[in-house]
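*Asks:* Have a look at this one.
Numbering (UniProt numbering), first residue to last: 1 to 142.
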């Protein structure tokens, strides 16, 4: 069981929709740092959708906060490698959001593609029909 404080407040479907929208926005955003951050946040929303669907609140007192990526690895072991991948990029996302030059155009493009794959795997894991992003093909930067 997981602490209730770590559970998302939106539904699985709302989070998946938000993840898809965030990914589409990332695909059409020009500054690399912003595109990287938006893509990473889309992955975080997809992870939150899995937590909304699978995590069970644990009664009792609150423990220390746990990252969504660690929780994802617990409730969806099949996504553990993805969890580690995105957890490793969280600091880079924060630095990009802070305006530090830590992300290249290639980095951002690669992350957008990785999030597209991850989102498809999340949808499959949840038994939700995948909604392929047309933004990838249409983006002048992707």
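Don't be surprised by glycine CBs; every beta carbon is placed ideally from N, CA and C.
Report the residue from 98, 89, 104 and 76 whose alpha carbon sits nearest the alpha carbon of residue 122.
*Replies:* When only C-alpha atoms are compared, the closest one is 76.
*Asks:* Identify which residue in 46, 125, 58 and 92 has its Cα closest to the Cα of residue 68.
*Replies:* Out of 46, 125, 58 and 92, 46 has the C-alpha closest to the C-alpha of residue 68.
*Asks:* Compare the Cα-Cα distances from residue 113 to each of 86, 100 and 18 and report the closest residue.
*Replies:* Residue 113 has its Cα closest to that of 86, out of 86, 100 and 18.
*Asks:* So, at 8 Å on beta carbons, what are the nonlocal neighbours of residue 147 in its own chain, with the 5 sequence-adjacent residues on each side left out?
*Replies:* Residue 147 lies beyond the residue range present for the chain, which begins at 1 and ends at 142; the question has no answer from this structure.
*Asks:* Kindly indicate which residue of 27, 53 and 33 has the alpha-carbon position closest to the one of residue 10.
*Replies:* Looking at the Cα atoms, 53 is the closest of the given residues.
*Asks:* Return helix, strand or coil for residue 57, following the three-state DSSP convention.
*Replies:* Of the three classes helix, strand and coil, the one that applies to residue 57 here is strand, per DSSP.
*Asks:* Using the Cβ count rule (16 or more neighbours within 10 Å means buried), how would you classify residue 110?
*Replies:* Exposed, because fewer than 16 other Cβ atoms sit within 10 Å of the Cβ of residue 110.
*Asks:* Considering only their Cβ atoms, is the gap separating residue 15 from residue 39 smaller than 7 Å?
*Replies:* Going by C-beta atoms, residue 39 is not nearer than 7 Å to residue 15.
*Asks:* Can you name the start and end residues of the alpha helix (DSSP H) that residue 120 belongs to?
*Replies:* Looking at the DSSP string, the run of the alpha helix (DSSP H) that includes residue 120 is 105-125.
*Asks:* Pull up the distance between the alpha-carbon of residue 65 and that of residue 59, whole angstroms please.
*Replies:* So the alpha carbons of these two residues sit roughly 15 Å apart.
*Asks:* Report all residues from its chain with a CB closer than 7 Å to the CB of residue 102; omit the five preceding and five following residues, and keep chain order.
*Replies:* Same-chain partners within the cutoff: 92, 95 and 96.
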